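Read the structure below first, then the notes.
Protein chains in written order, with our numbering: chain A, 1137 to 1284; chain B, 852 to 961.
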């Protein structure tokens, strides 16, 4: 998409446990300048993004030093999170159209990606120059759309 | 993450995490609940009033705690969940398994 975002925030970090707080902080910064999303939409977007970042730390990085480029973009009709990392590629069975299904009720693991998919409108994955690139998109239901 | 524990009685306890219950903090909650249950306090209420965020790892820790409490003849209930936690529970259809209570006292009352 060639359109210019109304707002762009980003950080480049190592995909490790401390980066989770930095991601939450950056999302908080976005909400301070983008107010057309409902409280529920903000919660959903932040939770979905946090799930993806945790997934990258746990599975793509797996204790190795992996770079994560994290970008938040707001447009007139949507917000996007772009996550680009240099870690392991996800297995094919994770990249189904609807994400892995929710596991059984008392499962202690395996919900993260399914949760992320339920919380935003779109989740896309591709590899670009060998890097993983995740895109999460939420289109607010607010009448006036996203405003800078 | 700081987690407070209040041993209410020989068989019950309140556990109160503070902050983000995510992949960083979830292992500590799992261990703490397992310890408290092993010490005989198998009726656990997790007070989520100070839990500003919970992800699937945090949810997994609560489920692990629920299973260990029930195996010990007790239960694990949650109270004072924030909007974000309620959203996670609704979307994962776990509000039936981890029914949110309005207060710690109503959670103990069942």
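Even for Gly, the Cβ is constructed at its ideal location relative to N, Cα and C. On a predicted model such as this, the values are computed, not experimentally measured, just so you know.
Roughly how many angstroms lie between the CA atoms of residue 895 (chain B) and residue 1256 (chain A), to the nearest whole one? On the second chain, residue 895 (chain B) is found 44 positions in, with the first residue counted as 1. On the first chain, residue 1256 (chain A) is found 120 positions in, with the first residue counted as 1. Rounded to whole angstroms, residue 895 (chain B) to residue 1256 (chain A) spans 33 Å at the Cα level.
Every unbroken beta strand (DSSP E) inside the stretch 1214-1262 of chain A [3 residues or more]: 1215-1221
C-alpha distance - residue 900 (chain B) paired with residue 884 (chain B), whole-angstrom precision: Start at 1 with the first residue of the second chain, and residue 900 (chain B) comes out as number 49. Start at 1 with the first residue of the second chain, and residue 884 (chain B) comes out as number 33. Answer to the nearest angstrom: the Cα atoms are 17 Å apart.
Residues of chain A with CB under 7 Å from residue 895 (chain B), in chain order? Position 44 of the second chain, counted from the start, is the residue given in the question as residue 895 (chain B). Going along chain A, no residue has its Cβ under 7 Å from residue 895 (chain B), so there is no contact; the nearest lies around 16 Å.
Contacts that residue 1197 (chain A) makes with chain B (C-beta to C-beta distance below 7 Å): Residue mapping note: residue 1197 (chain A) aligns to position 61 of the first chain, counting from 1. Those do not exist, as residue 1197 (chain A) stays about 12 Å from chain B at its closest Cβ, beyond 7 Å.
Would you kindly check if the distance between the Cβ of residue 1142 (chain A) and the Cβ of residue 1212 (chain A) is under 8 Å? What you label residue 1212 (chain A) is simply residue 76 of the first chain in a count that begins at 1. What you label residue 1142 (chain A) is simply residue 6 of the first chain in a count that begins at 1. Contact: yes.
Within the stretch 866-894 of chain B, ranges of the alpha helix (DSSP H) (whole runs, at least 4 residues): 877-889
Residue 1153 (chain A) beta carbon less than 8 Å from that of residue 1193 (chain A): In the first chain, counting from the first residue as 1, residue 1193 (chain A) sits at position 57. In the first chain, counting from the first residue as 1, residue 1153 (chain A) sits at position 17. Against a cut-off of 8 Å, the Cβ pair of residue 1153 (chain A) and residue 1193 (chain A) comes out as a contact.
Are residue 1244 (chain A) and residue 961 (chain B) close, meaning C-beta to C-beta below 8 Å? As a position in the first chain, residue 1244 (chain A) is number 108, starting the count at 1. As a position in the second chain, residue 961 (chain B) is number 110, starting the count at 1. No; because the gap between Cβ atoms is not below 8 Å, this pair is not in contact.
Can you list, in chain order, the residues of its chain with a C-beta nearer than 6 Å to that of residue 923 (chain B)? Leave out the 5 residues immediately preceding and following it. As a position in the second chain, residue 923 (chain B) is number 72, starting the count at 1. Closer than 6 Å at Cβ, skipping near neighbours: 888, 893.
Hey, is residue 1254 (chain A)'s beta-carbon within less than 8 Å of any beta-carbon in chain B? Here residue 1254 (chain A) is taken as the residue at index 118 of the first chain, counted from 1. Chain B, which has a Cβ nearer than 8 Å to the Cβ of residue 1254 (chain A), makes this yes.
Only counting runs of 3 or more residues, tell me where the beta strand (DSSP E) segments fall wholly within the stretch 885-950 of chain B, in order along the chain. 894-898, 902-905, 926-930
Are the C-beta of residue 943 (chain B) and some C-beta of chain A separated by less than 8 Å? Your numbering for residue 943 (chain B) matches position 92 in the second chain. Yes, contact with chain A.
Residue range of the beta strand (DSSP E) that includes residue 1166 (chain A): In the first chain, the residue the question calls residue 1166 (chain A) occupies position 30. Careful: residue 1166 (chain A) lies outside any beta strand (DSSP E), inside the alpha helix (DSSP H) at 1155-1169.
Under 8 Å, do residue 1273 (chain A) and residue 1182 (chain A) count as touching if we go by C-beta distance? On the first chain, position 137 is the one that residue 1273 (chain A) refers to. On the first chain, position 46 is the one that residue 1182 (chain A) refers to. No. Outside cutoff.
Nearest to residue 1147 (chain A) by CA position, among A:1252, A:1207, A:1171, A:1187, is which residue? The sequence position of residue 1147 (chain A) within the first chain is 11, counting from 1. Among A:1252, A:1207, A:1171, A:1187, the Cα nearest to that of residue 1147 (chain A) is on A:1207.
When we look at the beta-carbon of residue 1276 (chain A) and count the other beta-carbons within 10 Å, is it buried (16 or more) or exposed? Translated into the one-based positions of the first chain, residue 1276 (chain A) becomes position 140. Under this definition residue 1276 (chain A) is a buried residue.
For residue 1269 (chain A) and residue 925 (chain B), I'd like the C-alpha separation in whole angstroms. For the purposes of this step, residue 1269 (chain A) is taken as the residue at position 133 of the first chain. For the purposes of this step, residue 925 (chain B) is taken as the residue at position 74 of the second chain. Those two C-alpha atoms are separated by around 45 Å.
Could you please give me the residues that DSSP links to residue 1117 (chain A) through a beta bridge? Nothing in the structure corresponds to residue 1117 (chain A), since chain A is present only between 1137 and 1284.
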